[in-house]
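Undergrad: Here it is, the structure, as structure tokens.
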Amino acid sequence: MKSTRAVTILISLTLGVGSIPQPAAAVATDPCGLPRGVLRVSDLASRTAIECGAVGRFVDAGDGVPLQVQQPGSSVTLDMLYPNEARTYSLTTDAGGVVTTGVQVVRDRFPDLPGPGACERDSYLLRPYKWYRPWLFRTTKGTALTNGSQADFDAAARRSTANMTRGRNTCGMRGDTAASGGLVGHTAVRGNFVYADGQTTCGNSDGHNVIDAGDLPGGFLDATLAWTCTWAETRHGVTQAVSADIRMNSGDYKWTYDPSRDAACDPAQPPDPDRWRYDVESVLTHEMGHVYGLVNLSAAEDINLTMYPGVRRCTAHMRTLGRGDVLGLRALYGRR
């Protein structure tokens, strides 16, 4: 019996469940009397975001993380990946202006312990969205992470995309799904991450798909490895992803493009935090799983699947999809 434990916390809150008539003069001057700054759940009470003019305002989506109120029929999801934890914050504005927020936290105290093989588990969880066109992204000029080479970073991004779209696995499964996408060049633009109330968060969808690197909040071992923002729209009952950005943490962790050949990852050497490296392709593959609509897994038995958030140092174990990862992509996109 493994001692690894994973804890999942799921919270859902709703802002604005209806409309309370007000005198015309009150509506014209200040319909809801919203405070300045980041809104709380209670600030909208029984009002809608449309009625209160709250579209574009920031709302505490949980744990003090602000997310921007989207246009009616739209949503934004922020995924944060830590070495042994993952957090997901979401905000959805329905067609009537009702705003719903959600939080998912998955923790694993022992991400380095072994577990059932990746081909033994068929677990997967799905987002309500998927891409109906290829996810075509650019990397920000100068993004290199570890050795000053953007070419190496771009190559890792290409492989990570192929890991998802081709369903690469060692389980003997045909992984060719109808998911598509790829790197189409460079851009001077950085990912659509903005500051609100002193915190980094997702902005409004800008129609660009960007992968970059930067210093994310927190210090060593307390900071996230990567963030992903995904924006989606619901039209005529169909929810589709419309843009997504990924940011890798270049300020708090050390990275590698090839753990098997990186001298700092030599297992014969004594443990030393200065030699800890995280595999760029593995982390990008996990984050792209979110982009394509896969949710973090929480069962300890799923520890070797790509969508489990226990990221091991100096290994490439998340590059190759497990059985459940492939089945999840097939459930969303079908097969070619």
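What the sequence shown shows, in mature numbering (1 follows the signal peptide of the UniProt record, and there is no 0), is residues -26 to -1, 1 to 310, in sequence order. For each residue, glycine too, the CB sits at the ideal point set by N, CA and C. Keep in mind that this is a model prediction, so the values were computed, not measured.
Can you grab the Cα-Cα spacing for the pair Cys203 / Ala136, in whole Å?
TA: In a straight line, the C-alpha of Cys203 is about 20 Å away from that of Ala136.
Undergrad: Assess, as a yes-or-no matter, whether the region 208 to 217 is touched by the region 92 to 108 under the definition of 3 or more beta carbon pairs within less than 8 Å.
TA: With the cut-off at 8 Å, the region 92 to 108 and the region 208 to 217 touch.
Undergrad: In the DSSP assignment, what residue or residues form a beta bridge with Leu8?
TA: The partner list for Leu8 (beta bridge, DSSP) is empty, contrary to what the question assumes.
Undergrad: Tell me the rounded alpha-carbon separation between Phe111 and Gly159.
TA: Each residue's Cα considered, the two are about 8 Å apart.
Undergrad: Under a three-way DSSP split, which group does Met292 fall into?
TA: DSSP places Met292 in coil when its eight states are reduced to three.
Undergrad: Leaving out five residues before and five after Leu100 in sequence, what residues of the same chain have Cβ atoms less than 8 Å from its Cβ?
TA: Within the same chain, Leu100 has close Cβ partners Gly267, Leu268, Val269, Gly302, Ala305 and Leu306.
Undergrad: Does DSSP classify residue 324 as helix, strand or coil?
TA: This structure does not reach residue 324, given that the chain is present from -26 up to 310, and the question cannot be answered.
Undergrad: Measuring CB atoms only, is the region 23 to 43 touching the region 162 to 178, in the sense that at least three cross pairs come out at less than 8 Å?
TA: The region 23 to 43 is in contact with the region 162 to 178.
Undergrad: Going by beta carbon distance, what residues of the same chain come within less than 7 Å of Asp128, once the five residues before and after it are set aside?
TA: Excluding residues within five positions, the ones whose Cβ falls inside 7 Å are Thr113 and Leu157.
Undergrad: Going by beta carbon distance, what residues of the same chain come within less than 6 Å of Cys145, once the five residues before and after it are set aside?
TA: The residues are Cys93 and Arg297.
Undergrad: Between which two residues does the alpha helix (DSSP H) harbouring Asp128 extend?
TA: Note, Asp128: alpha helix (DSSP H), Gln124 to Thr139.
Undergrad: Tell me which same chain residues have a C-beta within less than 7 Å of the C-beta of Gly11, skipping the five on either side of it?
TA: Same-chain partners within the cutoff: Asp171.
Undergrad: Beta-carbon separation of Met147 and Asp186 under 9 Å?
TA: No. Outside cutoff.
Undergrad: Give me the Cα-Cα distance between Trp229 and Ala118, rounded to the nearest whole angstrom.
TA: Each residue's Cα considered, the two are about 10 Å apart.
Undergrad: Would you mind sorting Gly193 into buried or exposed? The rule is 16 or more other CB atoms within 10 Å of its CB.
TA: By the neighbour-count rule (16 or more Cβ atoms within 10 Å), Gly193 is not buried but exposed.
Undergrad: Quick one: residues in its chain with C-beta nearer than 6 Å to the C-beta of Leu52, no 5 flanking neighbours on either side, listed in chain order?
TA: Cβ within range, chain order: Tyr63, Cys176 and Cys203.
Undergrad: For Glu59, which of helix, strand or coil comes out of DSSP?
TA: Of the three classes helix, strand and coil, the one that applies to Glu59 here is strand, per DSSP.
Undergrad: Measuring CB to CB, does Leu208 end up less than 9 Å from Ala28?
TA: In the sequence under discussion, the amino acid at residue 208 is Thr, which differs from the Leu named in the question. No, these two residues do not count as a Cβ contact at 9 Å.
Undergrad: Buried or exposed for Ala(-2), please, with buried defined as at least 16 other CB atoms from any protein chain shown within 10 angstroms of its CB.
TA: Because Ala(-2) sits at a pLDDT of 40, beneath the cut-off of 50, its placement in the model cannot be relied upon, and the following sentence gives the value as read from the coordinates. Under this definition Ala(-2) is an exposed residue.
Undergrad: Could you have a look at Glu25 and say whether DSSP puts it in helix, strand or coil?
TA: If DSSP states are grouped into helix, strand and coil, Glu25 belongs with coil.
Undergrad: So is Ala218 buried or exposed if we call it buried at 16+ other beta carbons inside 10 Å?
TA: Classification of Ala218: buried, given that the 10 Å Cβ count is 16 or more.
Undergrad: How about Arg287 and Thr151: do their beta carbons lie closer than 9 Å?
TA: No.
Undergrad: Please return the same chain residues whose Cβ sits closer than 7 Å to the Cβ of Asp240, not counting the five positions on each side in sequence.
TA: Contacts found: none.
Undergrad: According to DSSP, is Ala162 part of a helix, a strand, or is it coil?
TA: Coil, per DSSP.
Undergrad: If contacts are defined as beta-carbon pairs under 8 Å, then Glu255 and Ala290 qualify, I think. What distance do you get, rounded to the angstrom?
TA: Between Ala290 and Glu255 the Cβ distance is about 7 Å, and since that is below 8 Å, they are a contact.
Undergrad: Given a threshold of 16 other Cβ atoms within 10 Å of its Cβ, counted over all protein chains shown, does Ser(-24) qualify as buried or as exposed?
TA: Only weak support exists for where Ser(-24) lies, its pLDDT of 40 falling under 50; the value from the coordinates is given anyway. Classification for Ser(-24): exposed.
Undergrad: DSSP three-state call for Ala218: helix, strand or coil?
TA: DSSP places Ala218 in strand when its eight states are reduced to three.
Undergrad: Mapping the DSSP letters down to three states, classify Cys203 as helix, strand or coil.
TA: Cys203 falls in the strand class under three-state DSSP.
Undergrad: I'd like the list of long-range same chain contacts for Tyr98, defined as Cβ closer than 6 Å, with 5 residues on each side in sequence excluded.
TA: For Tyr98, where only same-chain residues beyond five positions count, the Cβ hits under 6 Å are Gly298, Leu301 and Gly302.
Undergrad: Check for me: the beta strand (DSSP E) holding Val80 runs from which residue to which?
TA: Here the beta strand (DSSP E) through Val80 covers Val73 to Asp82.
Undergrad: DSSP state of Thr51, grouped into three classes?
TA: DSSP places Thr51 in strand when its eight states are reduced to three.
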